[in-house]
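Student:
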Amino acid sequence: MDACKEINESYTLAEAVKEAQRCLRCKVPQCKAACPISNEIPDWIHELKMGNFGNAIHIIRSKSNLPAVCGRVCAHERQCEGACVLNKTGKHINIGKLERFVADFDAEAGLTHFDILPKTRGKIAVIGAGPSGITVAGDLSRNGFQVDVFEIESQAGGMLMYGIPDYRLPKDVVLREAKHLEVLGVNFLFNRHIGIDFTIDDLLEKGYDAVFLGIGSGKPRVLDIPVTKSGSTETSNSPDCKDVILATHFLRKVQLCHEGLIEREELNINDGDKVLVIGCGNTAIDAARSAVRIGARTVDIVYHRDIDRMAALRSEYEDALSEGVRFNWNASVVEVHTDSNDNMYEAVVEIKDGENVTRTVYPAHKILMAVGARPSTRIPNTTHGIEVDEKGFIITQQMPYGMTTRKGVFAGGDVANRQATVVHAMADAKKVAEGIIQYVDAIKLMKIIEGSNS
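Next comes the structure, spelled out in structure tokens:
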């Protein structure tokens with residue numbers, strides 16, 4: 018199995034037009050209502066059906082800065098496609114695949130033409146070039162703001178680059194979307210680490226009218242599972258438990274290996290390993306399928322709830338199942354110890370079936386943990402006036418939307434405890450961009466009024 022090859026094939030032109038012709042162009046489109054960013058789905062599908070590909074991508078980009086990404090990784094079954102009226106006939110419109118086709122066709126044909134406004138309305142610093150940061154930067158740039166994006170990595174994309182495997186989202190697609198922002202006038206500054214290379218105070222002192230924090234929740238959560246090794250007991254988050262691996266760190270290493278930046282031996286999982294994955298969100302399934310692709314002998318997912326309450330998409334579950342990933346429901350790892358040779362873990366799994374509780378042992382060379390994430394403390398610790406809640410998420414307000422307890426500093430997405438999919442992060446970021454516009458315009462108007470009265 019090719020670890021990098023994209024698994025879903027795109028439509029041909031003829032297939033895309035044929036699929037678009039099935040759309041009823043409903044007067045009250047439920048697909049649009051179910052889209053977090055209110056994409057004008059029937060309108061651009063109609064343009065696609067008529068062969069007006071330039072109009073189609075123009076309509077899509079009026080709402081989305083990442084159409085080629087959303088077309089591939091959005092939770093379509095829970096959003097637009099799930100609301101399509103043709104579900105009653107058993108076959109909804111494949112909206113995601115059509116959006117992907119239009120975006121990819123645009124990339125090849127160069128149909129997108131931006132109306133670039135002079136950057137005179139204000140100067141904004143965006144921290145983080147993930148989905149939230151890209152959305153805020155794109156929306157503000159379109160509205161006449163000069164936007165500088167500060168990114169810790171050497172490329173734009175954030176979790177799109179290092180958290181989603183190539184087989185679901187090729188990285189050239191992410192970089193291609195970021196290029197559109199550069200055409201809009203957005204300036205990316207890479208390898209810049211907030212809290213180390215600079216602080217928010219530094220940015221405000223340099224004359225930025227507002228700062229947006231789109232840094233995500235960069236610290237994976239770790240369960241404290243007792244681990245007995247070589248006669249001593251510690252917990253799964255101990256530095257000595259090198260075979261208990263964070264799924265996000267594993268996925269990042271897989272991507273770095275694909276880019277040729279690290280060797281295959283550094284991936285932690287070897288050919289023939291038995292792998293146990295704790296958790297059942299999309300990250301857990303991505304990690305499980307990636308482990309299969311790099312040669313794991315068996316991969317078991319252990320999840321403490323049943324299939325109907327998993328966070329992952331049903332389509333992702335079905336794909337993983339077809340690739341050999343095994344799922345264990347209502348199951349929790351309660352302790353781990355090594356075998357007599359000290360080279361393999363034995364995970365004790367507690368399985369609940371109604372009132373009955375049984376225990377079984379799963380042998381595993383490696384254990385991947387995918388149980389959520391929490392925000393880094395670096396920004397609150399290096400910036401005066403930014404308050405967080407009891408879980409460490411940055412507190413924001415409704416008016417102007419997204420502003421933190423520090424005047425002029427905004428936050429959105431995971432770091433503000435609005436954890437969701439890529440498109441939900443984009444939807445939240447679009448609201449924050451509107452809040453930034455309101456704030457900056459109001460401040461500048463007040464200065465004009467004060468100047469006229471002096």
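For the sequence shown, the working numbering begins at 18 and goes up steadily by one. Yeah, the Cβ is synthetic: ideal placement off N, Cα and C, and Gly gets one too. These numbers were taken from a predicted model, which means no experiment stands behind them.
Where does the unbroken beta strand (DSSP E) through Leu206 begin, and where does it stop?
Tutor: Your numbering for residue 206 matches position 189 in the sequence shown. Looking at the DSSP string, the run of the beta strand (DSSP E) that includes Leu206 is 204-207.
Student: Report yes or no: do three or more beta-carbon pairs, one from the region 160-177 and one from the region 111-122, lie closer than 8 Å?
Tutor: Too few Cβ pairs lie closer than 8 Å, so no.
Student: Using the Cβ count rule (16 or more neighbours within 10 Å means buried), how would you classify Asp183?
Tutor: Residue numbering aside, residue 183 sits at position 166 when the sequence shown is read from its first letter. Burial call: buried.
Student: Are the CB atoms of Gly147 and Gly231 nearer to each other than 8 Å?
Tutor: The residue given as residue 147 occupies position 130 in the sequence shown. The residue given as residue 231 occupies position 214 in the sequence shown. Yes; because the gap between Cβ atoms is below 8 Å, this pair is in contact.
Student: Check this for me: beta carbons of Glu199 and Phe205, under 8 Å apart or not?
Tutor: Taking the sequence shown and counting its residues from 1, the one referred to as residue 199 is at position 182. Taking the sequence shown and counting its residues from 1, the one referred to as residue 205 is at position 188. Yes, the pair counts as a contact, with Cβ atoms nearer than the cut-off.
Student: Under the rule that 16 or more other beta-carbon atoms within 10 Å means buried, what is Asp214, buried or exposed?
Tutor: Residue numbering aside, residue 214 sits at position 197 when the sequence shown is read from its first letter. By the 10 Å Cβ count, Asp214 comes out exposed.
Student: Measuring CA to CA, which of Ala313, Arg138, Val426 is closest to Gly402?
Tutor: Stepping through the sequence shown from its first residue, residue 402 is reached at position 385. Comparing Cα positions, the closest option is Val426.
Student: Compare the Cα-Cα distances from Leu385 to each of Gly298, Glu340, Gly468 and report the closest residue.
Tutor: Your numbering for residue 385 matches position 368 in the sequence shown. For Leu385, the nearest C-alpha among the options comes from Gly298.
Student: Who are the Cβ neighbours of Arg391 in its own chain at under 7 Å, not counting the five residues just before and after it?
Tutor: Locating residue 391 in the sequence shown gives position 374, where the first residue counts as 1. Taken in chain order, the residues that qualify are Ser234, Lys236, Arg238, Lys408, Gly409.
Student: Determine the extent of the beta strand (DSSP E) in which Thr315 is found, giving its start and end residues.
Tutor: Taking the sequence shown and counting its residues from 1, the one referred to as residue 315 is at position 298. Unbroken beta strand (DSSP E) run through Thr315: 315-319.
Student: Name the two residues that bound the continuous beta strand (DSSP E) containing Pro380.
Tutor: The residue you call residue 380 lines up with position 363 of the sequence shown. First-last of the beta strand (DSSP E) with Pro380: 373-381.
Student: Bridge partners of Val190, per DSSP?
Tutor: For the purposes of this step, residue 190 is identified with residue 173 of the sequence shown, where counting begins at 1. Paired residue(s): none; Val190 is not in a bridge.
Student: Hey, is the region 301-318 in contact with the region 277-289, meaning 3+ C-beta pairs nearer than 8 Å?
Tutor: Judged by Cβ distances under 8 Å, the region 301-318 makes contact with the region 277-289, as three or more pairs qualify.
Student: Taking the alpha carbon of Val102 as the point to measure from, which residue in Lys464, Val351, Cys48 has its own alpha carbon closest?
Tutor: As a working mapping, residue 102 is identified with position 85 in the sequence shown. Residue Cys48 is the option with its Cα nearest to Val102.
Student: Out of Val378, Leu268, His275, which has the shortest C-alpha to C-alpha gap to Asp303?
Tutor: For the purposes of this step, residue 303 is taken as the residue at position 286 of the sequence shown. Ranking Val378, Leu268, His275 by Cα distance to Asp303 puts Leu268 first.
Student: So, for Ser332: in the same chain, excluding its five sequence neighbours on each side, which residues have a beta-carbon less than 7 Å away from its beta-carbon?
Tutor: As a first step, residue 332 must be located in the sequence shown, where it is residue number 315. Once the five neighbours on either side are set aside, the close Cβ partners of Ser332 are Glu94.
Student: So for Pro256, helix, strand or coil by DSSP?
Tutor: Translated into positions along the sequence shown, residue 256 becomes position 239. For Pro256, the predicted model reports a pLDDT of 46, less than 50, meaning its position is unreliable and no value from the coordinates is stated.
Student: For Ala24 and Tyr334, I'd like the C-alpha separation in whole angstroms.
Tutor: Along the sequence shown, one-based indexing puts residue 24 at 7. Along the sequence shown, one-based indexing puts residue 334 at 317. A small correction: the amino acid at residue 24 is Ile; Ala does not occupy that position in the sequence shown. Their backbone Cα atoms lie some 14 Å apart in a straight line.
Student: Would you report the Cα separation of Pro256 and Glu367, rounded to the nearest angstrom?
Tutor: Along the sequence shown, one-based indexing puts residue 256 at 239. Along the sequence shown, one-based indexing puts residue 367 at 350. A caution first: Pro256 carries a pLDDT of 46, below 50, which makes its placement in the model too unreliable to give a value.
Student: Would you identify the three-state DSSP class for Val273, choosing helix, strand or coil?
Tutor: To locate residue 273, count along the sequence shown from 1; it is residue 256. Just to set this straight, residue 273 is Leu in the shown sequence, not Val. Here Leu273 sits in helix by DSSP.
Student: Could you check where the beta strand (DSSP E) with Glu168 kicks off and where it finishes?
Tutor: Here residue 168 corresponds to residue number 151 of the sequence shown, with the count starting at 1. Segment 162-168, the beta strand (DSSP E) holding Glu168.
Student: Taking Lys369 as part of the beta strand (DSSP E), name the residues at either end of that continuous run.
Tutor: Along the sequence shown, read from residue 1 onward, the residue named residue 369 stands at position 352. Per DSSP, Lys369 belongs to the beta strand (DSSP E) from 362-370.
Student: Keeping to the same chain, check which residues put their C-beta closer than 6 Å to that of Ala308; ignore five residues upstream and five downstream.
Tutor: Position 291 of the sequence shown, counting from 1, holds the residue named residue 308. Hits under 6 Å: Ile286, Val292, Val316.
Student: What residue does the alpha helix (DSSP H) around Phe122 start on, and which one ends it?
Tutor: Taking the sequence shown and counting its residues from 1, one reaches residue 122 at position 105. That run of the alpha helix (DSSP H) goes 112-126.
Student: Under the three-state reduction of DSSP, which class applies to Val239: helix, strand or coil?
Tutor: Residue 239 sits at position 222 when you count from the first residue of the sequence shown. Three-state result, Val239: coil.
Student: Do Ile144 and Ile211 have their C-beta atoms within less than 8 Å of each other?
Tutor: Counting from 1 along the sequence shown, the entry for residue 144 is found at position 127. Counting from 1 along the sequence shown, the entry for residue 211 is found at position 194. Against a cut-off of 8 Å, the Cβ pair of Ile211 and Ile144 comes out as a contact.
Student: For Ile133, which residues from the same chain have a beta carbon less than 7 Å from its beta carbon, with the 5 sequence-adjacent residues on both sides left out?
Tutor: For this step, residue 133 is matched to residue 116 along the sequence shown. The residues are Leu201, Gly202.
Student: Return helix, strand or coil for Leu338, following the three-state DSSP convention.
Tutor: For the purposes of this step, residue 338 is identified with residue 321 of the sequence shown, where counting begins at 1. DSSP places Leu338 in helix when its eight states are reduced to three.
Student: For Ala31, which three-state DSSP category applies?
Tutor: By one-based count along the sequence shown, residue 31 stands at place 14. Ala31: helix per DSSP, three-state reduction.
Student: Who are the near neighbours of Ala100 in its chain, counting only those whose CB is closer than 7 Å to its CB and skipping five residues on each side?
Tutor: Within the sequence shown, the letter at position 83 stands for residue 100. So the list reads Gln47, Cys48, Ala50, Ala51, once near-sequence residues are dropped.
Student: Between Asn398 and the rest of its own chain, which residues show a CB-CB distance below 8 Å, the 5 nearest in sequence each way excluded?
Tutor: In the sequence shown, residue 398 corresponds to position 381, counting from 1. Within the same chain, Asn398 has close Cβ partners Gly212.
Student: Kindly indicate which residue of Leu278, Gly277, Ala328, His275 has the alpha-carbon position closest to the one of Ala301.
Tutor: Looking up residue 301 in the sequence shown gives position 284. Nearest C-alpha to Ala301: Ala328.
Student: Quick check: Asp60 and Ala85, are their CB atoms within less than 8 Å of each other?
Tutor: The residue labelled residue 60 in the question sits at position 43 within the sequence shown. The residue labelled residue 85 in the question sits at position 68 within the sequence shown. Not closer than 8 Å, so no.
Student: Could you check where the beta strand (DSSP E) with Ser158 kicks off and where it finishes?
Tutor: Stepping through the sequence shown from its first residue, residue 158 is reached at position 141. Premise fails: Ser158 lies in the alpha helix (DSSP H), 148-159, not in any beta strand (DSSP E).
Student: Where does Met67 fall in DSSP's three states?
Tutor: Within the sequence shown, residue 67 is the residue found at index 50, counting from 1. Coil.
Student: Which residue comes first and which comes last in the alpha helix (DSSP H) that contains Leu177?
Tutor: By 1-based counting over the sequence shown, the position of residue 177 is 160. Taken as a continuous stretch (DSSP letters only), the alpha helix (DSSP H) holding Leu177 covers 176-179.
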